[in-house]
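Take a look at the structure set out below.
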Amino acid sequence: RKPISLPRLMDMHARGEKITMLTAYDATFAAMADSAGVECILVGDSLGMVCQGRHSTVGVSLDEMRYHTACVARGVRRVQGTAWVVADLPFGSYQQSAEQALASAVVLMEAGAHMVKLEGGGWTTETVRFLTQRGIPVCAHLGLTPQTVHALGGYRVQGRGDGAASTLRQEAKALADAGAQLLVLEMVPTALASALTQELPHCATIGIGAGAGTAGQVLVLHDMLGMNIGKMPKFVRNFMQGQGSIAGAMQAYVQAVKQGQFPVDAEHAWS
Ligand code: KIV
Ligand code: NA
């Protein structure tokens, strides 16, 4: 197996082969996800909830992200893995200036990330350009952006209605023009996410609660293993069901996404 690269991911997008992504926060789960054939591992700041017991991602620090990114990167190397490692820039580590974002991104890249992810559109466009021009691959994230949950007023569907949809579309295009090559769409209506996927040939959309029409899918690892201490979001499927092992659940996820059997729009998405 050859390591996953950006050209490989863009080629999958062009051919319509679904890209699979799962979060991981430590070496063992990262190695297992890699071995199950997951192309992209996200060191998500969802570790604030999953590992740290917080109510939101807002309190997660750059040093904590650096630590978990290093753990994941080591896990992938241990199994001579091929996964593309994406690490979240946490709240407060990129909002101040493009220079601040660069310094924070360097910390995560030096810890072993191949790409950094940041949330939001509009003002983030120039930051994305600044990073990509300096050789740092960027994954953008639109729709429900958990770091700004307090400003959004809760965890709910975004981009509904003509005005909100056209704003999201403009932000997505600007981010892709600025060099973002992956774009997480979280809790976005299926039709909008599908249309954007077609409209952005050089930026692969990765959906979570965004329907089956995106270039790829992502889930929080613990959610898809049925390990959830809070409310299970409707866009999750418990892949442990019918499986005897975590490795089996991960393989079932990869297979279901590749074959278009997950997500099911009527069950896991919004219109
Ligand atoms: O932190 C995270 O796990 C994420 C995904 C839900 C996309 O950002
Ligand atoms: Na995140």
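Residue numbers for the sequence shown, in UniProt numbering: 28 to 298. For glycine and all other residues, C-beta sits at the position ideal for the given N, C-alpha and C. Here the structure is a predicted model, which is why all the values come from computation and not from measurement.
7 angstroms Cβ cutoff met for residue i and residue j
i          : j    : result
V215       : G186 : yes
S73        : T109 : no
A57        : V113 : no
A140       : T96  : yes
E146       : H168 : yes
T172       : G206 : no
E213       : I233 : no
residue 21 : C230 : Residue 21 is absent from the structure shown; the chain starts at 28 and stops at 298.
P117       : M92  : yes
V103       : D38  : no
V65        : T47  : yes
K45        : V291 : no
A54        : R101 : yes
A296       : G238 : yes
G257       : M267 : no
Q174       : T241 : no
L33        : Q225 : no
V165       : V155 : yes
Cβ-heavy atom distance, residue i to the ligand KIV, below 6 angstroms
i   : result
T47 : no
Any non-hydrogen atom of the ligand NA closer than 6 angstroms to residue i Cβ
i    : result
D115 : yes
The beta strand (DSSP E) enclosing residue i, as first and last residue numbers
i    : result
L169 : 165–170
V106 : Note, V106: premise wrong, no beta strand (DSSP E); not H, not E.
I31  : Taken as a continuous stretch (DSSP letters only), I31 belongs to no beta strand (DSSP E), as it is neither H nor E.
G243 : 243–246
M254 : Unbroken run through M254: none, as it is neither H nor E.
K144 : 142–146
L49  : 46–50
A231 : 231–235
A239 : That residue, A239, is in no beta strand (DSSP E); it is neither H nor E in DSSP.
D115 : 111–115
L227 : Taken as a continuous stretch (DSSP letters only), L227 belongs to no beta strand (DSSP E), as it is neither H nor E.
V211 : 209–213
Segment limits, alpha helix (DSSP H) that includes residue i
i    : result
D72  : Run containing D72: none; DSSP gives neither H nor E here.
V155 : 151–160
V284 : 273–285
E294 : 292–295
V133 : 125–137
E198 : 189–204
V176 : 176–179
A57  : 54–62
Are three or more beta carbon pairs between the stretch 218–228 and the stretch 246–254 nearer than 8 angstroms? no
On the three-pair Cβ rule with 8 angstroms, is the stretch 111–125 touching the stretch 144–162? yes
Closer than 7 angstroms to the ligand KIV: residues, by C-beta to nearest heavy atom, in chain order: T50, L69, G71, D72, S73, T84, D115, K144, H168, P173, V211, E213, I235, V245, V247
Is there contact here, the stretch 78–96 with the stretch 274–292, by at least three beta-carbon pairs under 8 angstroms? no
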